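Q: Submitted below is the structure of interest, expressed as structure tokens.
In this note's numbering, the protein residues as written are 1 to 106.
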């Protein structure tokens, strides 16, 4: 058991529904496996399930717990700050591929 730190947070949606709720209603909640630390108040880039940068969001709640199935989970609630422009999305997607989603080298 341990916490995974997300200080250089990447909010990557695993489901299209969570992403839709963010873009449609301006806020959403995502559930991540494991205990993670998402600093409240931090603004981060949100990514689609296909690893495309889509928006800037602000974390306003992060709760880690062991659910009824005995799994460690973290619930992260966020508000939409704004959608990214096409150019911003292109640049952020390229950077994230290099930094987070691309091939890991030892």
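Glycine residues also receive a C-beta, built at the ideal position from the N, C-alpha and C atoms. In this text the structure is predicted, and so the values were computed from the model without any measurement.
Could you please give the first and the last residue of the uninterrupted beta strand (DSSP E) stretch that includes residue 28?
A: Counting along the chain, the beta strand (DSSP E) containing residue 28 begins and ends at 27-33.
Q: Excluding the five sequence neighbours on either side, which residues of its own chain have a C-beta within less than 6 Å of the C-beta of residue 7, listed in chain order?
A: In this prediction, residue 7 has a pLDDT of 46, which is less than 50 and means its spatial position is unreliable; what the coordinates show is noted afterwards. Answer for residue 7: no residue qualifies.
Q: Between the C-alpha atoms of residue 59 and residue 25, what's the straight-line distance to the nearest angstrom?
A: When rounded, the distance between both Cα atoms is 15 Å.
Q: Using a Cβ-Cβ cut-off of 6 Å (strictly less than) and excluding sequence neighbours within five positions of residue 51, which residues of its own chain qualify?
A: These residues qualify, in order along the chain: 101.
Q: Enumerate in chain order the residues of its own chain whose CB-to-CB distance from residue 93 is below 6 Å, with the five nearest sequence positions on each side excluded.
A: 52, 53, listed in sequence order.
Q: Taking C-beta to C-beta, are residue 40 and residue 78 nearer than 8 Å?
A: Taking 8 Å as the Cβ cut-off, residue 40 and residue 78 do not qualify as a contacting pair.
Q: Using 10 angstroms around the beta-carbon of residue 14, count the other beta-carbons present and answer buried if the total reaches 16, otherwise exposed.
A: So residue 14 ends up on the exposed side.
Q: Buried or exposed, going by whether 16 or more other CB atoms sit within 10 Å of the CB of residue 32?
A: It counts as buried.
Q: Going by DSSP, what residue range makes up the alpha helix (DSSP H) through residue 95?
A: Counting along the chain, the alpha helix (DSSP H) containing residue 95 begins and ends at 86-96.
Q: Name the one or two DSSP bridge partners that residue 65 has.
A: Its beta-bridge partners are 73.
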